[in-house]
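Protein sequence lines correspond, in order, to chains V and D. The first sequence: position 63 = 63 (the numbering used here), numbered continuously. The second sequence: position 280 = 1280 (the numbering used here), numbered continuously. I have placed the structure first, in the form of structure tokens, so that the comments after it can refer back to it.
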Amino acid sequence: MSLNGDSRIPGTEDVDPAHIVPVQDFSSKTLRSIIDHLKVSTDFEHLVYREAELDAIWTITGFFLANEADSSRREAVKDLHACVHKAHDLVADRRPAAAAMLLQAFL
Amino acid sequence: MLSKEENERLTQTNAGTPAGEYFRRFWVPALLPAEVPTPDCAPVRVRLLGENLIAFRDTNGHVGLIDEFCPHRRASLFWGRNEECGLRCVYHGWKFDVQGTCVDMPNEPQEYGFENKVRIAGYPTCEYGGLVWAYMGPPQHQPELPKLEWARVPEGHRYISKRLQETNYLQAIEGGIDSSHSNYLHATVDAFRLTDSYVEKVKNSNNLRAKYHLLDKAPWFTVKKTDYGLVIGVRRNAEEDQFYWRLTQFLLPSHTIIPYEKGLAIHGHCWVPRDDQTCWTWTISWNPDAPLSEEEWESIRKETFVHARVDPVTFRPIRNKDNQYLLDREQQRGSTMTGIHGFAAQDQALQESMGPIVDRTRERLGTSDTAIIAMRRLLLQEIRGLAEGREPFAAQHGDVYWVRSASLLLKRDVDIGEGARELIKAEV
Chain V
1 MSLNGDSRIP GTEDVDPAHI VPVQDFSSKT LRSIIDHLKV STDFEHLVYR EAELDAIWTI
61 TGFFLANEAD SSRREAVKDL HACVHKAHDL VADRRPAAAA MLLQAFL
Chain D
1001 MLSKEENERL TQTNAGTPAG EYFRRFWVPA LLPAEVPTPD CAPVRVRLLG ENLIAFRDTN
1061 GHVGLIDEFC PHRRASLFWG RNEECGLRCV YHGWKFDVQG TCVDMPNEPQ EYGFENKVRI
1121 AGYPTCEYGG LVWAYMGPPQ HQPELPKLEW ARVPEGHRYI SKRLQETNYL QAIEGGIDSS
1181 HSNYLHATVD AFRLTDSYVE KVKNSNNLRA KYHLLDKAPW FTVKKTDYGL VIGVRRNAEE
1241 DQFYWRLTQF LLPSHTIIPY EKGLAIHGHC WVPRDDQTCW TWTISWNPDA PLSEEEWESI
1301 RKETFVHARV DPVTFRPIRN KDNQYLLDRE QQRGSTMTGI HGFAAQDQAL QESMGPIVDR
1361 TRERLGTSDT AIIAMRRLLL QEIRGLAEGR EPFAAQHGDV YWVRSASLLL KRDVDIGEGA
1421 RELIKAEV
């Protein structure tokens, strides 16, 4: 296990579980990347990175829900927000594959 | 984020709680030797892991750490008389040695031999590295002392301070390993605003930290689990072919070492639960190669960095929440981000503002909180391991603590594990 993380250009690498997915939104692209990383995560360090990514998604969906006026858009994100919470707890319980399966429904 | 149950499991450290039992597998700093300076000196109160204790130095120079209350009528032994190898309760004369064994009970008929049947909690202590350490766990699991570098340097090479922090220990550790706060909490206004004069000054300085923090505001965070805890790596772009790395050490159960620049003093902390609402902050500055320099002593005296002045009896910092840490709003407008003097008080002000035990179900974390997440997961894993019968490895292997932090420039294609291998080994 290296401390280096990954210095390859994002999008061109094979999925590297030692790489933290940059979370700037909760788009399908971001979710897909997190799911792909969840599927190959095994070590303590990998699971910590996945938990951090899911924390970040939970944070931004939470702020979205607090600020979005359109109730239909809020409704759509509410399920994702709740699902990310469950996925986060599955990762904490060292069950990343189960977390990936849960999130798959939102792609 | 943590669940309510996880938050409670991590933050409750009284005897019988999972985290309390975990802490009770390690030697923990208990008091400064100067608090009990001479044989038969006055006893002092020590609150540790939710237990009220009394420390005293007996006639032979041994430090005892025993239950505060006499088992007879529950009077405090703080009022006791320290005499002839024991502490005598002045209410009815019962006397206890450093192990907590009752050695005299003058108010009961001698033929009953009652004193031989009475003992109170008495914990093993050890004077090591400028501190009195205590072990509060089961005797059969007494651990090795951690071979921390600062504990092994000569006296003049080290300075240790003790202060009371009015939060749970976990909040304090989180502050200690959270490297992203220093660009804000400990910054000057010029550094935060990146004024032209500041940029010019930093660009031409030897202060690599300031220089590369300026150039790269979005660092990479990495963690690596080790036998003793975690190495937390933060990587920033530096020169075209180089990264600037800062490596922080987290050592179980609650020690940290701040990244340091070669040739300067190294700084670290140990946070020990006093109870669930407060903790003892032990701050250590050391130089393995030489006595601390006049500049370093000056920084300690002026409280500019990690040490803070405290009340000599309570160890509560002079800057505390009751006086708003002597906040100076004028200074905040023009000079520093907080208007509070010194890194120690700045950290303490913000950490105490979160309440004694922060509700971690309500926090909003991001990927820059990776180190905090890793530390919590590691502690939860260790605590669960002990509850399932696995003794903590680090407690029984003092040698694994023989490490230090680092900061370095490294070619981009060099693995940090390789590049820093020699640097993160302690020398003393």
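The beta carbon of each residue, even a glycine, is placed where N, CA and C say it ideally should be.
query, result
"Contact set between V84 (chain V) and chain D, taken where Cβ atoms lie within less than 8 Å", "Per Cβ cutoff of 8 Å: no residues; V84 (chain V) is ~10 Å from chain D at best."
"Test: D93 (chain V) CB closer than 7 Å to a CB of chain D", "no"
"Cross-strand partners of L1409 (chain D) (DSSP beta bridge)", "D:Y1244"
"Straight-line gap, T30 (chain V) to R1376 (chain D) (C-alpha atoms, nearest Å)", "25 Å"
"Among D:K1117, D:R1309 and D:S1353, the one whose alpha carbon lies nearest that of H1072 (chain D)", "D:K1117"
"Per-residue burial, F1192 (chain D) [other beta carbons within 10 Å of its own, 16 or more giving buried]", "exposed"
"Coil, strand or helix - R1163 (chain D) by DSSP", "strand"
"Start and end residues, beta strand (DSSP E) containing W1280 (chain D)", "C1279 to W1286"
"Partners in chain D for E45 (chain V), counting only beta-carbon separations shorter than 7 Å", "V1223, K1224 and K1225"
"Local Cβ density within 10 Å of F1393 (chain D), reported as buried at 16 or more and exposed below that", "exposed"
"L1435 (chain D) (DSSP reduced to helix, strand or coil)", "Absent from the model: residue 1435 (chain D). The displayed extent of chain D is 1001 to 1428, so no value can be given."
"As assigned by DSSP and simplified to three states, the class of T1011 (chain D)", "helix"
"Partners in chain V for L1264 (chain D), counting only beta-carbon separations shorter than 9 Å", "Going along chain V, no residue has its Cβ under 9 Å from L1264 (chain D), so there is no contact; the nearest lies around 23 Å."
"Bridge-paired residues (DSSP) for L1148 (chain D)", "Paired residue(s): none; L1148 (chain D) is not in a bridge."
"Short Cβ contact (7 Å threshold) for A1374 (chain D) with L1247 (chain D)", "no"
"7 Å Cβ cutoff, E75 (chain V) in contact with chain D", "no"
"Cross-chain neighbours of A56 (chain V) in chain D, by beta carbon under 8 Å", "L1365, G1366 and T1367"
"Rounded separation between R1274 (chain D) and A1019 (chain D) - CA only", "13 Å"
"Simplified DSSP state of P10 (chain V), which is helix, strand or coil", "Residue placement at P10 (chain V) is flagged as unreliable, the pLDDT there being 47, under the threshold of 50; the coordinate-derived value follows with that caveat. It is coil, neither helix nor strand."
"Assigned secondary structure, P1317 (chain D) (DSSP; H/G/I helix, E/B strand, else coil)", "strand"
"Selection from V:T59, V:G62, V:F63 and V:I34 that minimises the alpha carbon distance to Y49 (chain V)", "V:I34"
"Beta carbon proximity, R1377 (chain D) to chain V, threshold 7 Å", "yes"
"Any C-beta of chain D under 7 Å from that of A105 (chain V)", "no"
"Local conformation of S1076 (chain D) per DSSP, three classes", "strand"
"At least three beta-carbon pairs within less than 8 Å, the stretch 1047-1060 of chain D to the stretch 1010-1017 of chain D", "yes"
"Within chain V, partners of S1003 (chain D) - CB distance below 9 Å", "D89 and A92"
"L80 (chain V) and F63 (chain V) closer than 7 Å at C-beta", "no"
"Completely contained alpha helix (DSSP H) runs for the stretch 1169-1250 of chain D, where each covers 4 or more residues", "1169-1177, 1189-1193, 1196-1203 and 1208-1215"
"Own chain, CB closer than 8 Å to A1290 (chain D), minus 5 neighbours either side, in chain order", "H1157"
"W1297 (chain D), enclosing alpha helix (DSSP H) - first and last residue", "E1294 to K1302"
"N997 (chain D) vs H1213 (chain D) beta-carbon contact at 7 Å", "One cannot answer for residue 997 (chain D) here, as it falls past the ends of chain D, which runs 1001 to 1428."
"Reduced DSSP secondary structure (H/G/I, E/B, other) of E68 (chain V)", "coil"
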